[in-house]
Every structure is written in C-alpha cells, then in structure tokens.
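>
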Amino acid sequence: MIRANIKYLLISLIIILALSLGSGCFYIETSPPPPSPAPSPPPADTATPIEPGWKLPPVESQAPALPNFIPVVAKVKPSVAAINTEFVTFDIFNRPLRQEGAGSGWIIDEDGIIVTNNHVVEGAKSITVTLADDRTFPAVVVRTDPFTDLAVIRINAENLPAASIGDSSKLRVGEPVAAIGNPLGLGISMKGGWVSRLGVSIAVSSAQTLYDLIETDAAINPGNSGGPLVNMAGEVIGITSVKIAVSGVEGMGYAISSKTAMPIIEELIRQGYVVRPWLGVGLYTVDQYTVFRYNLAVNKGVLVTEVAPGSPADEAGIEAGDVIVSTNGEEVSTAQELIQAIHSSQIGQRVEITFWRGETKSTAYAILAESPPP
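Each residue of the sequence shown is one higher than the one before, starting from 6 at the first, in the numbering used here.
1) Taking only the alpha-carbon atoms, compute the straight-line gap between THR290 and ASP327 and give it to the nearest angstrom.
2) Tell me which residue opens and which closes the beta strand (DSSP E) that LYS366 is part of.
3) When the Cα of ILE5 is compared with those of GLU271, THR265, ALA87, which residue comes out closest?
4) For VAL328, which three-state DSSP category applies?
5) Mind checking whether VAL241 and ALA168 have CB atoms under 8 Å apart?
6) Rounded to whole angstroms, what is the Cα-Cα separation between VAL309 and GLY322?
7) Cutting at 8 Å between CB atoms, please list the residues of its own chain near PRO75, excluding the five before and the five after it.
8) Using beta-carbon positions only, say whether HIS348 and ARG275 come within less than 8 Å of one another.
9) Just verifying my parser: in three-state terms, what is the DSSP assignment at ALA318?
10) Does LEU1 come out as helix, strand or coil in the three-state DSSP assignment?
11) Just to check my reading of the structure: LEU155 and ALA266 have Cβ atoms closer than 8 Å, yes? What is that Cβ distance to the nearest angstrom?
12) Based on Cα-Cα distance, which residue from GLY128, GLU115, LEU165, GLU180 lies nearest to VAL93?
13) In terms of DSSP beta bridges, what is ALA208 paired with?
14) Tell me which residue opens and which closes the beta strand (DSSP E) that ILE112 is part of.
15) Where do the N-terminal and C-terminal ends of the alpha helix (DSSP H) with GLU271 fall, by residue?
16) Round the Cβ separation of ILE329 and ILE358 to the nearest angstrom and send it over; I've been treating them as touching at under 8 Å.
17) Tell me where the beta strand (DSSP E) around VAL146 begins and ends.
18) Select from LEU215, SER262, ALA144, LEU191 the residue whose C-alpha is nearest the C-alpha of SER383.
19) What would DSSP say about ARG355, mapped onto helix, strand or coil?
20) If VAL247 and ILE219 are in contact, beta carbons under 8 Å, what's the gap, nearest whole angstrom?
21) When you compare only the Cα positions, how much space is there between GLN341 and TRP283?
22) According to DSSP, what are the bridge partners of GLY334?
23) Which residues does DSSP pair with ALA86 in a beta bridge?
24) Put LYS196 into one of helix, strand or coil per three-state DSSP.
25) What does DSSP give as the partner residues of ILE244 in its beta bridges?
26) Give the straight-line distance between the Cα atoms of SER350 and LYS130, rounded to the nearest whole angstrom.
27) Please state the DSSP three-state secondary structure of ALA184.
28) Buried or exposed: which applies to VAL356, given that a residue is buried once 16 or more other Cβ atoms fall within 10 Å of its Cβ?
29) Comparing C-alpha positions only, which one of THR141, ASP138, MET195, GLY334 sits nearest to LEU234?
30) To which residues of the same chain is GLN104 closer than 7 Å at the C-beta, ignoring the five residues directly before and after it?
31) Can you give the Cα-Cα distance for ASN123 and GLY232, rounded to whole angstroms?
32) Looking only at its chain, what residues have a beta carbon closer than 7 Å to the beta carbon of ASN164, apart from the 5 residues adjacent to it on each side?
33) Helix, strand or coil: how does DSSP classify ILE91 here?
34) Taking buried to mean at least 16 other C-beta atoms within 10 Å of its own C-beta, is PHE360 buried or exposed?
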C-alpha cells in the first residue's frame, strides 16, 4: 500500500511538473490566492469625451530608414565559401563507413587562404571548397587550433575576393549583424539579427571553453560554422562557431570575435601552429569517480594523467597521479581553468604550482616553455 501511494504521488508530481513547464512558467504557491474583488460597475455616462482637443500624433514621414542588408550581402557573399567534408568511421563490426559533413568559410587572402572552424575540418579525410562562383577546389593545406576552434585551409586559386576585416571591439549591444554561410549544406544564404551580448564565455565540452564570443539572435544552423558574422559595413567581426540547441531556446548563437581570432589566424598562416606557454601535462578534472578510483586525498582539483619527458612539469618534479589545486596562489578546480591559467602566462615565466601527492600537499615551481609543434 505504501509503495502504491508513493507511486501515485510521483506520477501526480510528474504530471504537475509537465503541465507547469509546458506552459512556459513554473509557479510555486504556498497558500491559496485571496479571492478577487468584485469588478467595479462601469460609469453610467459612457459618452463623455476624455480629452476633447486631442489629436492623433503626426506620422513620421522623415523617420530614418532601417539598415539595409542588401549591400552588405552583395559585398560579402562573393568571399564566402561552402566547405564539404568526408569522414571515415567504423561500425560495430569494424567496417569503414563514409560520412559527409558541411560547413562554411570565408576568404581572408586572395591567394586561396580560407578561414573556418576547427570542428568543421577536424579528422576529415577530404575537404572540398565551393566558391560563390560555383568553382570547386580540394583543400591542399589545413592548419588548425582546437583550443580556439579555428582553422585555416588553402586551395590552389588566385585573385579571389578577400573579405574585409572589422574591429569587434567597437561592437555595441543592439547593433545589427548578418551571419552568412552554408546552413544544412544547401548553399550560401544570409540571416540577419542583432548583437545580443559581448564577451561571452561558453563551455562547449568538459575540456574546452570558448572565450570573448559575440552572442547574436541571427539564425545559426548546422553548416553555418566557420562562416563570417559581419557588421553593416560588410566587415567580418566574428567567426560563427556555436549555438545553444536546447528545446525552447531560440536566438542564442555565438561567434568568435575578430579581436580574439585574428592573432590566432595570423599564427596559423605564418607558422602553421599557435605558440603558447607550455607546461607539458595531461589533465583531467577531479570528480567523484576519480576520487574513488585513485583514492585521492582531495575531492576537487586537476588530476595529472601524464607528464611529457623533459617538459617544464617534468623538470619541476610533477608526476602522473598528482592533483594540482592552485597556480600562483589562485585555486583551480577544472582542467579548463588550469589550461587557461597557463595560457594566460608568459613563455619563460616561473609558475608556482600547488598539488597533492597522496596525503601530502606540496609546491613546485615550473618555468613555462614554448609549446612544441603539433
């Protein structure tokens, strides 16, 4: 009987929550609402004027026109490319399966250099670029930076219409912008919207967070990734990267700001990879499983899974199995926080690292080195 009553209560609670959430609002009432007062009777005289001399406001015939996206699209669209990729995966019987993907990119240099997202091309067996004039080229060079989700590819083409680059630091919330790309792999199209927020950080996975993003309500769909977000001058001020894809959530797409992206793109083009301060460790955020599995003395921090031989961490005496809890006196609770702390430092900087080894808390000092080529 008790189990039946509990089951009935749980079913009732689920139904109540479903009805509440389905309506878009959830209210909690601790007591019945007071009875509504009886409505007042209307005035007996319903024909008396409110303001006899009142007139309609004049129609604003000289109101400023809304921004026009037509010249923006005309300027930018020739510089936008559709990117099609082919991947090889394996089924449960280890048989190879071919899968296709679609993304976007934009021409940053007339000699065939195109910017896109890392996640558009990462792991692709082949990459094909289709330009606005319908010419198709295979990618001959691919350089990526997974940390910032940026990539640069090159095709054998010349005299291409390179896009103009704008200054994202001058953006303001409420400013109109346009996302131009290859949604769903159906061809280049444009979606207009507004800047909703600036300087946004989004965790795209447990090990990666993107920073200094531009939030926009311009519709962003699969295939838009890597395409340009442009201002009303037709200048690229962002690279479309991610959207919030949750039922009931609309108009929350994000682009990597040009201010953040351009130095990364320059390094990818000039030297093929991005040089950053390097500690030389593999990391994993401590959770309940790792505490139990490795019998850790702390339940928060970053577990060192491996140490590269000869790396700054190796020379500082850090070992696999240590749990790092702070750098330079600042607490770190996740692998992403520790990575960001290292990348925010300088090559050659001496960094204080506090960690636990078994039941002992220790401090080491590492001299950060230049990250090696990938």
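The beta carbon of each residue, even a glycine, is placed where N, CA and C say it ideally should be. Model, not experiment: these values are computed from the prediction.
According to the data block:
1) Start at 1 with the first residue of the sequence shown, and residue 290 comes out as number 285. Start at 1 with the first residue of the sequence shown, and residue 327 comes out as number 322. Rounded to the nearest angstrom, the two C-alpha atoms are 12 Å apart.
2) The count along the sequence shown starts at 1 and reaches residue 366 at position 361. First-last of the beta strand (DSSP E) with LYS366: 365 to 372.
3) Because the chain is modelled from 6 through 379, residue 5 falls outside the range shown and cannot be assessed.
4) Counting from one through the sequence shown, the residue named residue 328 turns up at place 323. Three-state DSSP puts VAL328 in a strand.
5) Taking the first residue of the sequence shown as 1, we reach residue 241 at position 236. Taking the first residue of the sequence shown as 1, we reach residue 168 at position 163. Result yes, Cβ atoms of VAL241 and ALA168 sit closer than 8 Å.
6) Residue mapping note: residue 309 aligns to position 304 of the sequence shown, counting from 1. Residue mapping note: residue 322 aligns to position 317 of the sequence shown, counting from 1. Between VAL309 and GLY322, the C-alpha separation is close to 12 Å.
7) As a first step, residue 75 is located in the sequence shown; it is residue number 70 there, counting from the start. According to the sequence provided, residue 75 is Ile. The question's Pro does not apply to it. Result list for ILE75: empty, nothing under 8 Å.
8) For this step, residue 348 is matched to residue 343 along the sequence shown. For this step, residue 275 is matched to residue 270 along the sequence shown. Taking 8 Å as the Cβ cut-off, HIS348 and ARG275 do not qualify as a contacting pair.
9) Translated into the one-based positions of the sequence shown, residue 318 becomes position 313. Three-state result, ALA318: helix.
10) For residue 1 there is no data in the structure shown, the boundaries of the chain being 6 and 379.
11) Looking up residue 155 in the sequence shown gives position 150. Looking up residue 266 in the sequence shown gives position 261. Going by Cβ atoms, the distance from LEU155 to ALA266 rounds to 6 Å, so yes, they are a contact pair.
12) Residue mapping note: residue 93 aligns to position 88 of the sequence shown, counting from 1. Nearest C-alpha to VAL93: GLY128.
13) Here residue 208 corresponds to residue number 203 of the sequence shown, with the count starting at 1. Bridge partners of ALA208: THR214.
14) Along the sequence shown, read from residue 1 onward, the residue named residue 112 stands at position 107. ILE112 -> beta strand (DSSP E) spans 101 to 114.
15) Taking the sequence shown and counting its residues from 1, the one referred to as residue 271 is at position 266. Taken as a continuous stretch (DSSP letters only), the alpha helix (DSSP H) holding GLU271 covers 263 to 276.
16) Counted from its first residue, the sequence shown places residue 329 at position 324. Counted from its first residue, the sequence shown places residue 358 at position 353. That belief holds up - the Cβ atoms of ILE329 and ILE358 are roughly 6 Å apart, short of 8 Å.
17) Walking along the sequence shown from the start, residue 146 turns up at place 141. Residues 146 to 150.
18) Residue 383 cannot be examined here, being either before or after the span of the chain that is shown, 6 to 379.
19) The residue labelled residue 355 in the question sits at position 350 within the sequence shown. It is a strand residue.
20) Residue mapping note: residue 247 aligns to position 242 of the sequence shown, counting from 1. Residue mapping note: residue 219 aligns to position 214 of the sequence shown, counting from 1. About 11 Å; that fails the 8 Å criterion.
21) Residue mapping note: residue 341 aligns to position 336 of the sequence shown, counting from 1. Residue mapping note: residue 283 aligns to position 278 of the sequence shown, counting from 1. So the alpha carbons of these two residues sit roughly 14 Å apart.
22) Against the sequence shown, residue 334 aligns to sequence position 329. DSSP, once it has assigned bridges, lists no residue as partnering GLY334.
23) As a first step, residue 86 is located in the sequence shown; it is residue number 81 there, counting from the start. DSSP, once it has assigned bridges, lists GLY110 as partnering ALA86.
24) Within the sequence shown, the letter at position 191 stands for residue 196. In the structure shown, LYS196 sits in a strand (DSSP, three-state: E or B).
25) Numbered from its first residue, the sequence shown carries residue 244 at position 239. Bridge partners of ILE244: PRO233, ILE261.
26) Position 345 of the sequence shown, counted from the start, is the residue given in the question as residue 350. Position 125 of the sequence shown, counted from the start, is the residue given in the question as residue 130. Cα-Cα distance, rounded: 35 Å.
27) Locating residue 184 in the sequence shown gives position 179, counting from the first residue. ALA184 falls in the strand class under three-state DSSP.
28) Here residue 356 is taken as the residue at index 351 of the sequence shown, counted from 1. Burial call: buried.
29) Mapped onto the sequence shown, residue 234 falls at position 229. The shortest C-alpha separation from LEU234 is found at MET195.
30) As a first step, residue 104 must be located in the sequence shown, where it is residue number 99. PHE92, THR94, listed in sequence order.
31) As a first step, residue 123 is located in the sequence shown; it is residue number 118 there, counting from the start. As a first step, residue 232 is located in the sequence shown; it is residue number 227 there, counting from the start. Cα to Cα, the separation comes out at about 12 Å.
32) For this step, residue 164 is matched to residue 159 along the sequence shown. So the list reads GLU115, once near-sequence residues are dropped.
33) One-based indexing of the sequence shown puts residue 91 at position 86. Strictly speaking, residue 91 in this sequence is Glu, with Ile absent from that position. Note: GLU91 maps to strand in three-state DSSP.
34) Taking the first residue of the sequence shown as 1, we reach residue 360 at position 355. PHE360 is buried by the Cβ-count criterion.
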